[in-house]
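Data first, discussion second: the structure below is written as structure tokens.
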Amino acid sequence: LAKTTQPISMDSYEGQEVNITCSHNNIATNDYITWYQQFPSQGPRFIIQGYKTKVTNEVASLFIPADRKSSTLSLPRVSLSDTAVYYCLVGGGTAGNNRKLIWGLGTSLAVNP
Amino acid sequence: EAQVTQNPRYLITVTGKKLTVTCSQNMNHEYMSWYRQDPGLGLRQIYYSMNVEVTDKGDVPEGYKVSRKEKRNFPLILESPSPNQTSLYFCASSLGLAASYEQYFGPGTRLTVT
Numbered sequence: 002l003a004k005t006t007q008p009i010s011m012d013s014y015e016g017q018e019v020n021i022t023c024s025h026n027n028i029a030t031n032d033y034i035t036w037y038q039q040f041p042s043q044g045p046r047f048i049i050q051g052y053k054t055k056v057t058n059e060v061a062s063l064f065i066p067a068d069r070k071s072s073t074l075s076l077p078r079v080s081l082s083d084t085a086v087y088y089c090l091v092g093g094g095t096a097g098n099n100r101k102l103i104w105g106l107g108t109s110l111a112v113n114p
Numbered sequence: 158e159a160q161v162t163q164n165p166r167y168l169i170t171v172t173g174k175k176l177t178v179t180c181s182q183n184m185n186h187e188y189m190s191w192y193r194q195d196p197g198l199g200l201r202q203i204y205y206s207m208n209v210e211v212t213d214k215g216d217v218p219e220g221y222k223v224s225r226k227e228k229r230n231f232p233l234i235l236e237s238p239s240p241n242q243t244s245l246y247f248c249a250s251s252l253g254l255a256a257s258y259e260q261y262f263g264p265g266t267r268l269t270v271t
């Protein structure tokens with residue numbers, strides 16, 4: 002099972018772009034990269050998922066280099082409501098490998114006015 | 158509205174008094190899971206279920222039981238709670254087993270065992 006490493010905390014200001022990088026050196030061939038967001042006293046919420054290159058949705062972009070040993074979650078023009086903990090997970094795309102997903106400690110993002 | 162519900166949201170109990178935390182999803186998901194979240198330790202999986210009557214241990218199953226008699230429900234049972242089970246618990250569901258499927262989480266149950 003792949004282990005991920007991400008910064009414990011980050012600070013930003015409203016309107017800025019925030020990039021959170023996750024390291025996953027031992028990612029396996031069939032592993033996907035997934036990011037979740039968690040607000041205090043709530044369950045995590047899926048943000049974005051990718052396998053390679055770049056993925057974009059209405060809330061974020063995910064950049065994955067060719068070697069896939071890291072990934073970067075990009076949040077454009079953050080607001081105060083983006084203050085949350087962000088988790089990076091890697092896991093297999095085939096059944097049986099991976100419902101024992103390892104959740105790291107996440108990155109606590111604080112967006113300041 | 159697609160959702161995962163948990164009850165109760167908050168629970169204070171005493172050591173040894175059996176309790177059940179219910180979890181229900183309305184998305185017809187096959188896969189369901191229980192996690193506990195503790196400061197400094199992140200989310201850790203307790204048990205998971207791939208379908209009705211199919212359950213398996215996660216990373217921290219000791220002291221917990223689960224059952225999956227119906228597809229929509231996945232209760233977590235603490236037969237003899239101890240203070241070290243004081244934690245924030247989350248139930249989650251997804252379409253399938255693989256990590257490529259998005260997990261939907263419930264709102265959490267904060268349990269205190271004295």
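Protein chains in written order, with the working numbering: chain A, 2 to 114; chain B, 158 to 271. Idealized CB from N, CA, C, for every residue including glycine. Note that the coordinates shown come from a computational prediction; the quantities given were computed from them, not determined experimentally.
- Among the CB atoms of chain B, none fall inside 9 Å of the CB of Ser109(A).
- Residue-level contact check: Glu259(B) touches chain A, since one or more beta carbons of chain A fall below 9 Å from its beta carbon.
- Note that the C-beta distance between Leu268(B) and Ser237(B) is not below 9 Å.
- Take Lys53(A), set aside five residues on each side of it, and the residues of its chain with a beta-carbon closer than 7 Å to its own are Ile65 and Arg69, in chain order.
- Restricting attention to Gln182(B), Ala256(B) and Pro232(B), the CA atom closest to the CA of Tyr221(B) is found in Pro232(B).
- Looking at the DSSP output, Trp191(B) shares a beta bridge with Tyr204(B) and Cys248(B).
- Only those residues of the segment 75–91 of chain A whose C-beta falls short of 9 Å from the nearest C-beta of chain B are listed: Tyr88, Leu90 and Val91.
- Straight through space, the alpha carbons of Gln7(A) and Gln17(A) are spaced by roughly 20 Å.
- Closer than 9 Å to the CB of Phe64(A) there is not a single CB belonging to chain B.
- Against chain A, a Cβ distance below 9 Å from Gly199(B) picks out Tyr88, Ile103, Trp104, Gly105, Leu106 and Gly107.
- Cβ-Cβ distances below 6 Å link Ser109(A) to Ser10 and Val86 in the same chain, with the five nearest sequence neighbours on each side left out; the list follows chain order.
- Within the segment 35–54 of chain A, the residues whose Cβ lies closer than 9 Å to any Cβ of chain B are, in chain order, Thr35, Tyr37, Gln39, Ser42, Gln43, Gly44, Pro45, Arg46, Phe47, Gln50 and Tyr52.
- When Gln242(B), Met184(B), Leu235(B) and Gln182(B) are compared, the shortest CA-CA separation from Pro196(B) is found for Gln242(B).
- Nearest CB-CB separation between Pro232(B) and chain A: not below the 9 Å threshold.
- Only exposed fits Phe40(A), as fewer than 16 other CB atoms lie within 10 angstroms of its CB.
- In this structure, the alpha-carbon of Gln43(A) lies about 11 Å from that of Arg166(B).
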